[in-house]
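Here the numbering used here = 1-based position in the sequence shown + 1. Beta carbons: idealized from backbone N, C-alpha and C, even for Gly. Note that this is a predicted model, so its numbers are computed, not measured. All remarks here apply to the structure that follows.
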Amino acid sequence: MVLAFTAVVLVVIFVGGHAFWAWRLALLYPPRTRAASKDHEWPRVAVVLPTRGADLSLAHCLESLLDQDYPSYDIRIVVDSEVDPAWEIIRGVLARRPSANVKVALLEQRRETCSLKVSALLQALAGLDESCQAVALIDADVVAHPQWLRDLLAPMCDPKVGATSGVRWYISDSPKWGSLVRMAWGAAAATQMVAFGIPWGGSMAFRADLLRRSNLLEKWALCLCEDVPLEGVLREQSLRLDFVLTATMVNCESIDLVRCFWFLRRQLISVRLYHSRWPLVLAFGVGMPLAIIFAVNVIAALSTVEYWGAVAVAGVLALCLTGLFSGTLWIDGALRGMARVRGETLPRLPWKTILAVPLMQLVSLAALLSAAFARRVEWRGATYELLGPMKLHLVEYRPYRAQAEDQGSRTSVV
């Protein structure tokens with residue numbers, strides 16, 4: 002009975018915990034739209050889009066920003082270099098759709114103490130006008146719906162809300178194992194991000210006065226990423242992070258398994274370096290697959306000698322897994338419904354998706370353990386040495402060049 006009891010406890014904690022988070026998020030979908038304020042009450046916003054590499058959705062991303070239903074906003078784009086493929090794409094879009102509220106610049110200073118993305122962000126925010134009351138960040142692989150800015154800024158009517166974040170969700174019809182693994186991992190990660198308060202910089206906004214009254218800029222100048230460190234600054238300022246489910250962004254790109262591993266590893270490195278809940282992320286990331294493996298072995302071992310103990314473990318495991326999968330499918334279905342309302346069609350999931358779940362557990366565990374001890378990280382061709390939580394060194398820089406195998410494909414730029 003000791004083995005059965007131990008297995009049940011581990012399954013309830015690690016698998017049941019994930020199921021609880023999944024349903025806590027699932028029951029918020031479909032999200033209710035917040036009541037809109039009058040136009041004159043909406044703050045002026047600076048939208049920042051750093052680019053390195055030609056993301057598949059870059060042109061659509063920029064067009065979606067130009068189509069925002071928002072009264073007062075500027076778009077600030079920083080391109081890594083003149084030979085970067087993003088440069089021509091952006092120039093092409095603006096040639097077709099010139100706009101006075103768009104400023105495009107090349108990255109002038111590649112700081113050696115932070116990532117190239119953060120260098121671009123710091124350049125875009127330098128000399129920010131006092132009249133700008135909020136900053137919104139978007140990634141080049143995100144296509145924002147017309148109400149995106151309003152959705153992100155509406156919660157800031159509450160003075161206790163310092164920042165808002167959307168949720169990233171992957172849906173792909175690609176049969177590549179990497180795409181399926183990332184899709185399964187992304188669903189689990191989304192529930193943890195909301196549970197632990199981990200913001201996502203691909204669809205995020207914050208009060209501009211944070212730049213003036215906190216050490217956010219100084220902190221960013223020493224960081225690999227821009228989103229996760231915001232959690233600590235908000236905590237210091239006694240401000241809240243709100244998740245905006247109407248700003249959930251669906252990514253339909255594909256990725257191979259090797260790139261998927263390095264992508265997951267980099268995401269987890271950012272949490273390790275900058276988020277206070279990293280020990281919990283590590284514990285649940287290691288604990289869940291081990292709890293499942295342990296429970297399955299206990300069921301096999303007890304099935305002939307202690308039948309009802311095996312049944313109890315199997316029942317609890319099945320119940321927790323059913324809760325986890327049903328909560329995830331609820332969110333997926335709600336997002337598809339939201340897409341249909343906007344006239345969009347999301348791809349159907351391949352049948353292999355269910356087979357990718359156990360593979361995801363193994364890949365995620367490997368990425369987590371690698372991230373826990375990582376001393377170097379590569380991001381879009383740039384290599385960084387990790388000397389400490391707030392000590393990073395750009396080891397190698399080269400202008401971004403698209404790889405030959407990516408030409409004409411729907412592969413994510415990572």
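Using only the alpha-carbon positions, how far apart do residue i and residue j sit?
i    : j    : result
E109 : Q124 : 8 Å
V234 : G203 : 18 Å
N252 : S304 : 43 Å
G18  : A27  : 14 Å
R381 : E89  : 18 Å
M339 : I332 : 11 Å
T384 : C133 : 34 Å
K39  : P160 : Model confidence at K39 stands at a pLDDT of 49, short of 50, so the residue's coordinates are unreliable and nothing is read from them.
G328 : L274 : 30 Å
L129 : G288 : 45 Å
V297 : L366 : 18 Å
F285 : H146 : 34 Å
L246 : Q193 : 14 Å
E232 : W43  : 24 Å
V10  : A141 : 43 Å
A191 : V415 : 19 Å
G163 : P31  : 24 Å
V195 : F244 : 7 Å
A188 : P351 : 16 Å
R241 : A135 : 15 Å
V119 : P230 : 12 Å
A87  : P359 : 37 Å
A314 : A8   : A quick correction: the sequence has Val, not Ala, at residue 314. If I take the Cα positions, the gap works out to 7 Å.
T165 : L281 : 22 Å
L393 : C115 : 6 Å
E307 : V13  : 20 Å
V342 : V49  : 28 Å
P348 : R213 : 43 Å
F197 : R278 : 7 Å
E386 : G316 : 47 Å
V272 : A96  : 39 Å
Q148 : A319 : 40 Å
E237 : G54  : 35 Å
C261 : A206 : 27 Å
L325 : W24  : 7 Å
M250 : D81  : 24 Å
R403 : L63  : A small fix is needed here, since residue 403 is Ala in this sequence, not Arg. Computed Cα separation, rounded: 20 Å.
Using the Cβ count rule (16 or more neighbours within 10 Å means buried), how would you classify residue i?
i    : result
E227 : buried
F15  : buried
E131 : exposed
W309 : exposed
M2   : exposed
I78  : buried
L153 : buried
N216 : exposed
T346 : exposed
C158 : exposed
H276 : buried
D498 : There is simply no residue 498 to check, as the chain begins at 2 and stops at 415 in what is shown.
E397 : exposed
F6   : exposed
D70  : exposed
R399 : exposed
V259 : exposed
T323 : exposed
I199 : buried
G179 : buried
S58  : buried
A292 : buried
V151 : Contrary to the premise, residue 151 reads as Arg rather than Val in this sequence. Buried: at least 16 other Cβ atoms inside 10 Å.
Using DSSP's beta-bridge definition, name the partner residues of residue i.
i    : result
G389 : K392
R169 : M250
V119 : V119 is not bridged to any residue.
Y74  : V46
K104 : R77
T52  : V80
T412 : S255
If I'm right that residue i touches residue j with Cβ under 8 Å, what's the distance once you round it to whole angstroms?
i    : j    : result
D424 : K353 : The chain is shown from 2 up to 415; residue 424 falls before or after that span and cannot be answered.
A185 : M391 : In fact, because the Cβ distance is near 32 Å, the residues do not count as touching under 8 Å.
V94  : A60  : 5 Å
L107 : E83  : 6 Å
V144 : S65  : 5 Å
E219 : L395 : Incorrect: roughly 18 Å between the Cβ atoms, too far for contact.
C371 : R266 : Here the sequence assigns Ser to residue 371, which means Cys is not the residue at that position. Contact holds; Cβ gap of about 5 Å.
Taking only runs that begin and end inside the stretch 135–212, name each unbroken beta strand (DSSP E) of 3 or more residues, in chain order. 135–139, 162–166, 169–171 and 204–208
Where in the stretch 321–401 do unbroken runs of the beta strand (DSSP E), each at least 3 residues long, occur, reported from the N-terminal end onward? 377–380, 383–389 and 392–397
Report the start-end ranges of each beta strand (DSSP E) in the stretch 230–314 that is 3 residues or longer and not cut off at the edges. 241–244 and 250–252
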